[in-house]
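A.B. asks:
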Amino acid sequence: MENNQHSHPVSTPLKFLVSSSQKVVNLFKEINFKVIPGVTPLLIIDWLIFFIFLSLLSIIGIFKLKNIKSEEQYLLAGRKTGFIALTATLVMTEFNTGTLLAFSGMGYVAQGWALALPFIFLIGLLFYAGTVAKKWKEFNGLSVAHYFTERYGKNIGLITAVILFLAMVGFSSTYIKSLSLLFLPLFPGLNAWALSGILTSVVLIMTLKGGLISIIRTDVVSFLAVLIFLPILLYFSWNLDSTGMDATLSIHQSLAILPPQFILSLIILTMFSYILAPWYAQKIVSAQSPKIAYFSVVVAAIFVFLLYGLGIGAANFLSIKGVQLQGSEQALPYLIHYALPWGLRGLGYGILFAIASTTLAGVWSAMVTILVGGIKSSGSQESVKRGFYLTLFCANLSYLGANAFVDHILDKMILANIPVVALSFALLGGFYWNKASRLGVYVSILTGIACGVGFYYFYGESGMYTWYWALIGVPAIFFSGIVGSYFERMRVALWFGKKIMVIKNKIYLLTIFN
Numbered sequence: 150m151e152n153n154q155h156s157h158p159v160s161t162p163l164k165f166l167v168s169s170s171q172k173v174v175n176l177f178k179e180i181n182f183k184v185i186p187g188v189t190p191l192l193i194i195d196w197l198i199f200f201i202f203l204s205l206l207s208i209i210g211i212f213k214l215k216n217i218k219s220e221e222q223y224l225l226a227g228r229k230t231g232f233i234a235l236t237a238t239l240v241m242t243e244f245n246t247g248t249l250l251a252f253s254g255m256g257y258v259a260q261g262w263a264l265a266l267p268f269i270f271l272i273g274l275l276f277y278a279g280t281v282a283k284k285w286k287e288f289n290g291l292s293v294a295h296y297f298t299e300r301y302g303k304n305i306g307l308i309t310a311v312i313l314f315l316a317m318v319g320f321s322s323t324y325i326k327s328l329s330l331l332f333l334p335l336f337p338g339l340n341a342w343a344l345s346g347i348l349t350s351v352v353l354i355m356t357l358k359g360g361l362i363s364i365i366r367t368d369v370v371s372f373l374a375v376l377i378f379l380p381i382l383l384y385f386s387w388n389l390d391s392t393g394m395d396a397t398l399s400i401h402q403s404l405a406i407l408p409p410q411f412i413l414s415l416i417i418l419t420m421f422s423y424i425l426a427p428w429y430a431q432k433i434v435s436a437q438s439p440k441i442a443y444f445s446v447v448v449a450a451i452f453v454f455l456l457y458g459l460g461i462g463a464a465n466f467l468s469i470k471g472v473q474l475q476g477s478e479q480a481l482p483y484l485i486h487y488a489l490p491w492g493l494r495g496l497g498y499g500i501l502f503a504i505a506s507t508t509l510a511g512v513w514s515a516m517v518t519i520l521v522g523g524i525k526s527s528g529s530q531e532s533v534k535r536g537f538y539l540t541l542f543c544a545n546l547s548y549l550g551a552n553a554f555v556d557h558i559l560d561k562m563i564l565a566n567i568p569v570v571a572l573s574f575a576l577l578g579g580f581y582w583n584k585a586s587r588l589g590v591y592v593s594i595l596t597g598i599a600c601g602v603g604f605y606y607f608y609g610e611s612g613m614y615t616w617y618w619a620l621i622g623v624p625a626i627f628f629s630g631i632v633g634s635y636f637e638r639m640r641v642a643l644w645f646g647k648k649i650m651v652i653k654n655k656i657y658l659l660t661i662f663n
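Spelled out as structure tokens, the structure:
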């Protein structure tokens, strides 16, 4: 497939960049550079820039990490993260390649109407800020499951840990899958298992030693790079040659492809699933104060909204120009591989790898907090080593899941949220309603899972099960939790009433006989 030429005038800085890149390409051609079979000299340039950028990120991530001597420092960065660093890491935690591929794919098939999708995270994260951001920091515990154990007891804490851990295996698997899709054009000689294995190993090298501190450092650099890169990608997408076909969809066609009910359902589900996200709660707990936690989430919500909008906009231009793809999820890889000039393409791959790597490492770190939540930390180097080994274990689970189970990224990401949403009453009830009881939590969890799974099998993905799940399932979770909590209180009251009556009768009989 040939690289598309630009149909609009190019500004002087961009013209210089394109011209310089082409000169380097010609130099490689002139010296008849020997390359790997199946790989052109053009790709060598991208490889070099890609590896230079990754090396820079790796150095930043592991620089001066000798002071990490406890599991708390490894998993929670000593609870001293400031506003700028926390905002950057929260943005990059949510801004992941899985969602970016899925959303940009919708921008390709539904065009401009897909720009409504980023509202899912704008509203969802603002809801997070208003309901639980300060609460998580005030709790200041090790993990989400830790809170459930403290509030409702060990059994519910264990159930929560299992639910969240399995959900995170699903999420991280989709992230690895999306990362593999992005890099297949850059490594055409590798199959999915080999490529995803290499990429997973590189992520571990970048972040394993420093834990959350390394993740936050690389997040800050990645955040700045993304702010520069996505507007450039949008520009080159707009500047692509048209195929001559008028591929613009009408609003009715776009609404048929991406129904408003689907977007509204995802807004509701995101609101009541993200409040439980262990990878977000972990970083909120790492904040210096509840105030910093709150404002960081608010600002992060705005940046996430804008960044996803840029990705969707770029894919929208690709669709309007009439470029034909085999699948919508190839929109972003196509743009990077064919719309960007040589050299800048390698940098683009490096930036997208950084996006994926820190999100992925953040989820693995949160999975480790779930696993060690019930184990008392000794605060020694041995506990830090335990964090290393558990991170490796989580990474291997994600790698296997990505290659064995994940096919359609967005569908699997939504499906993994079913058990998470089922915990929403337990969390909000625990934070805001002191009458929330264990029976209410059990009933609400069972109701939530039954609704999510039931609607999925009854309506399916093509029948838009998320609409019924959000509109019926979420209210049912809270209704059943409230009823269950009141029922338990009534049962306890009746039990105490009977005991009091028995005691009164015994006293009465003793009085008579005396």
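Just so you know, we're using this note's numbering here: the sequence shown kicks off at 150 and counts up by one.
Backbone N, C-alpha and C fix where the C-beta goes; we use that ideal spot for every residue, glycine too.
In this text the structure is predicted, and so the values were computed from the model without any measurement.
For residue 230, list the residues DSSP reports as bridge partners.
C.D. replies: 436
A.B. asks: Quick check on the burial criterion: 16 or more other C-beta atoms within 10 angstroms. Buried or exposed for residue 282?
C.D. replies: Buried.
A.B. asks: Hey, does residue 243 have any beta-carbon neighbour from chain C nearer than 7 Å?
C.D. replies: Among the protein chains of the structure shown there is no chain C, as only one such chain exists.
A.B. asks: Just to confirm my understanding: we take residue 605, look at its own chain, exclude 5 residues before and 5 after, and list those with CB closer than 8 Å. What are they?
C.D. replies: 564, 567, 614, 618
A.B. asks: Using only alpha-carbon positions, find the residue among 450, 488, 493, 463 that is nearest to residue 275.
C.D. replies: 450
A.B. asks: Can you give the beta carbon distance from residue 239 to residue 514, rounded, assuming they're within the 8 Å contact cut?
C.D. replies: Actually they do not touch by this definition, with Cβ atoms about 14 Å apart.
A.B. asks: Just checking my contact of residue 259 with residue 407 at CB under 8 Å: how many whole Å lie between their CB atoms?
C.D. replies: 4 Å
A.B. asks: Where do the N-terminal and C-terminal ends of the alpha helix (DSSP H) with residue 355 fall, by residue?
C.D. replies: Where residue 355 is concerned, the enclosing alpha helix (DSSP H) stretches over 341-356.
A.B. asks: In chain order, what are the residue ranges of uninterrupted beta strand (DSSP E) at least 3 long that sit wholly in the stretch 455-530?
C.D. replies: none
A.B. asks: Got a sec? Which residues, its chain only, sit under 6 Å from residue 550 by beta carbon, not counting five neighbours each side?
C.D. replies: 318, 322
A.B. asks: With a CB to CB cut of under 6 Å and the five nearest residues on each side skipped, what residues in its chain are close to residue 176?
C.D. replies: Because the pLDDT of residue 176 is 39, which lies under 50, any placement of that residue in the model is unreliable, and the number read from its coordinates should be weighed accordingly. Here the set comprises nothing.
A.B. asks: Look at the Cβ atom of residue 269, then the Cβ atom of residue 416, and state whether they are nearer than 7 Å.
C.D. replies: yes
A.B. asks: Tell me which residues share the same chain as residue 507 and place their Cβ nearer than 8 Å to its Cβ, disregarding the 5 neighbours each side in the sequence.
C.D. replies: 238, 241, 242, 356, 364, 367, 368, 371
A.B. asks: Return helix, strand or coil for residue 376, following the three-state DSSP convention.
C.D. replies: Looking at residue 376 - three-state DSSP - the assignment turns out to be helix.
A.B. asks: I'd like the list of long-range same chain contacts for residue 209, defined as Cβ closer than 8 Å, with 5 residues on each side in sequence excluded.
C.D. replies: 366, 367, 370
A.B. asks: Using the Cα positions of residue 170 and residue 482, report the straight-line distance between them to the nearest angstrom.
C.D. replies: A caution first: residue 170 carries a pLDDT of 40, below 50, which makes its placement in the model unreliable, though a value can still be read off. When rounded, the distance between both Cα atoms is 20 Å.
A.B. asks: Should residue 340 go down as buried or exposed, given a rule of 16 or more other Cβ atoms within 10 Å for buried?
C.D. replies: exposed
A.B. asks: Where residue 316 and residue 392 are concerned, what is the direct C-alpha to C-alpha distance, given to the nearest angstrom?
C.D. replies: 42 Å
A.B. asks: Would you report the Cα separation of residue 574 and residue 486, rounded to the nearest angstrom?
C.D. replies: 45 Å
A.B. asks: State yes or no: is the C-beta of residue 250 within less than 7 Å of the C-beta of residue 329?
C.D. replies: no
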